[in-house]
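Residues 2 to 217 in our numbering are what the sequence shown spells out, letter by letter.
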Amino acid sequence: MIVVNFKAYSESAGERGVKIAKICEKVALESKKEIIVCPQTPDLSLISKEVSIPVFSQHIDPVEPGSRTGHITLESVKRYVSGTLINHSEKRMKIADIDYIVKKCRKNGIKSIVCTNNVSVSMACSVLDPDYIAIEPPELIGGDISVTSASPEIVENAVKNIKKINPSVKVLCGAGIKTGEDVKKAIELGAEGVLLASGVVKAKDPEKVLMDLTHY
Ligand code: G3P
2 MIVVNFKAYS ESAGERGVKI AKICEKVALE SKKEIIVCPQ TPDLSLISKE
52 VSIPVFSQHI DPVEPGSRTG HITLESVKRY VSGTLINHSE KRMKIADIDY
102 IVKKCRKNGI KSIVCTNNVS VSMACSVLDP DYIAIEPPEL IGGDISVTSA
152 SPEIVENAVK NIKKINPSVK VLCGAGIKTG EDVKKAIELG AEGVLLASGV
202 VKAKDPEKVL MDLTHY
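In structure tokens form, the structure reads like this:
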């Protein structure tokens, strides 16, 4: 499983985001691998109509609909998405709020990917019973060295410890992932997929990168 987070890059905004999402769909269909896209929030409506692959939100606020301003409620995105990232390193949340959103996602049939920065936070979040935990050392995010080469022990220890606490949680890893070799290594370390952004979104040829990522 390959999750492509579009982040707030200008390369993935609006029509450019639609283009990347369509490339992801094409490669997913050709390779028969699961590729999930996480577009920018204002593009969720548009992109969810344009592609048949799963569309996830990058974030949901731990609030109910009502007299609030600037929040993203689950209710406002649920017609467009089948899942969401939660607690990304670039959008940190309190553990009580992560718990609230994970439970609310489950109740609404929305898959949850809780992002974590290290093994102990991963262990703590596994008790909350999300569908996925994606471990991403923050210092490697957006860089050229993959977590699987720089810190393989973090991925291995996260998988081992999460599974001990909650065997039903699937583990992803991310940060610096760019090649099929990185995906292969992630799987060898026990992960069930990867979460990445710049490797695809900022690539000159995203299709070429995605082809490599899916043919490991
Ligand atoms: O959400 C994915 C992310 O934080 C990793 O980013 O650019 O290192 O693939 P990147």
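Glycine residues also receive a C-beta, built at the ideal position from the N, C-alpha and C atoms.
On the premise that residue j lies in contact with residue i, defined as a C-beta separation below 8 Å, what is that separation, rounded to the nearest angstrom?
i, j, result
"residue 210", "residue 195", "Actually they are not in contact, since the Cβ atoms of residue 210 and residue 195 sit about 12 Å apart, beyond 8 Å."
"residue 5", "residue 39", "7 Å"
"residue 103", "residue 113", "5 Å"
"residue 82", "residue 111", "7 Å"
Return the CA-CA distance between residue i and residue j, expressed in angstroms with no decimal places.
i, j, result
"residue 2", "residue 186", "14 Å"
"residue 45", "residue 133", "21 Å"
"residue 220", "residue 203", "Nothing can be reported for residue 220, as the shown portion of the chain is limited to 2 through 217."
"residue 167", "residue 16", "40 Å"
"residue 147", "residue 49", "29 Å"
"residue 171", "residue 70", "34 Å"
"residue 29", "residue 100", "31 Å"
"residue 138", "residue 176", "7 Å"
"residue 10", "residue 156", "26 Å"
"residue 75", "residue 121", "27 Å"
"residue 41", "residue 84", "14 Å"
"residue 68", "residue 154", "46 Å"
"residue 226", "residue 73", "This structure gives no information on residue 226, because the portion of the chain shown stretches from 2 to 217."
Helix, strand or coil: which one does DSSP assign to residue i?
i, result
"residue 127", "helix"
"residue 70", "coil"
"residue 190", "coil"
"residue 136", "strand"
"residue 185", "helix"
"residue 95", "coil"
"residue 180", "coil"
"residue 15", "coil"
"residue 112", "strand"
Considering Cα atoms alone, identify which of the options is closest to residue i.
i, options, result
"residue 179", "31, 152, 154 and 214", "214"
"residue 201", "21, 41, 144 and 14", "21"
"residue 119", "104, 70, 143 and 173", "173"
"residue 216", "188, 198 and 199", "188"
"residue 151", "190, 160, 159 and 141", "141"
"residue 47", "155, 37, 19 and 91", "19"
"residue 124", "145, 164 and 175", "164"
"residue 106", "155, 67, 14 and 62", "62"
"residue 145", "131, 74, 198 and 191", "198"
"residue 181", "32, 13, 27 and 43", "32"
"residue 55", "64, 86, 72 and 68", "86"
"residue 161", "191, 143 and 135", "191"
"residue 193", "169, 66, 206 and 212", "169"
"residue 129", "149, 143, 88 and 158", "88"
"residue 108", "52, 58 and 131", "131"
Can you tell me which residues form a DSSP beta bridge with residue i?
i, result
"residue 6", "39"
"residue 75", "The partner list for residue 75 (beta bridge, DSSP) is empty, contrary to what the question assumes."
"residue 142", "For residue 142, which the question treats as bridged, DSSP gives no partner whatsoever."
"residue 106", "For residue 106, which the question treats as bridged, DSSP gives no partner whatsoever."
"residue 20", "Looking at the DSSP assignment, residue 20 forms no beta bridge with any residue, so it has no partner."
"residue 195", "3 and 174"
"residue 56", "38"
"residue 86", "114"
If you measure from the beta carbon of residue i to each beta carbon in chain D, is any gap under 8 Å?
i, result
"residue 158", "No chain D appears in the structure shown, which is made up of a single protein chain."
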